[in-house]
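Written out below as C-alpha cells is the structure these notes cover.
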Amino acid sequence: MSQDDLTFALTLADRADRVTRARFGALDLRIETKPDLTPVTDADRAVESDLRDALGQHRPGDTVLGEEFGGTTTLSGRQWIIDPIDGTKNFVRGVPVWASLIALLDDGVPTVGVVSAPALQRRWWAARGRGAFAAV
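So for the sequence shown, the working numbering puts the first residue at 197; every next one is plus one.
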C-alpha cells in the first residue's frame, strides 16, 4: 500500500460523489429489485461502472469485487471492494443517510478504506499504519 493508493481511493470517492449527488432525489431515478429483494438503482450501477472503469485504467493488475457487478473474492494480490451506495433504501426514499464504500485489500489484508457520505457532507478514511481520519 502506498500513499498513492490512499490518494487514488479518495479520488474514486470523489467520482462516486459526483454521480450520487446528481442522482439523489432525482425524479427519474430508476429502481429495480435484485433477487435478494433489495433495491438497486441506476445510480448504484453507474457508480460501480465508473469506478471499475477508473480502476481498469489506473490499476489494471488489480481485481475488483463490487456489490452490483460481482467479482471473485481472492486472498492473494490486490483487490478493490466497492459498495457504490450503502443504504440504497435510504437513497431511494430521499433520506440522506447513505455512503459509497471503497476498500483495498492486499493479499487479503485491508490496507485502505474510504466511506464517503456526500449528502451529509462527511467522509472517513483510513490507511494501514497511518490511522483513521474524518472530514466533517
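The beta carbon of each residue, even a glycine, is placed where N, CA and C say it ideally should be.
For S272, the three-state secondary structure derived from DSSP is coil. Ranked by Cα distance from L202, the options A331, T307, L316, Q317 are led by T307. Sequence-distant Cβ neighbours of L247 in its own chain, meaning closer than 6 Å and more than five residues away, are L208, I278. Between R226 and T237, the CB-CB gap stays under 8 Å. Across the structure, G290 and G283 are spaced so that their CA atoms are roughly 11 Å apart. Non-local beta-carbon contacts of L206 in its own chain, meaning distances under 7 Å to residues more than five positions away in sequence, involve V310, W321 in chain order. L223 and A323 have their C-alpha atoms some 37 Å from each other.
If you draw a 10 Å sphere on the C-beta of R241, you find 16 or more other C-beta atoms in it, and that means buried.
For A239, the enclosing alpha helix (DSSP H) begins and ends at 238 to 254. Rounded to whole angstroms, L251 and R319 show a C-alpha spacing of 21 Å.
Between the C-alpha atoms of T229 and G266 there is a straight-line separation of about 16 Å.
Beta-bridge analysis with DSSP links R319 to S312, A331. Of T259, R214, R217, S312, the smallest CA-CA separation from S272 is found for T259. Take E264, set aside five residues on each side of it, and the residues of its chain with a beta-carbon closer than 8 Å to its own are V236, D240, R241, E244, P280, in chain order.
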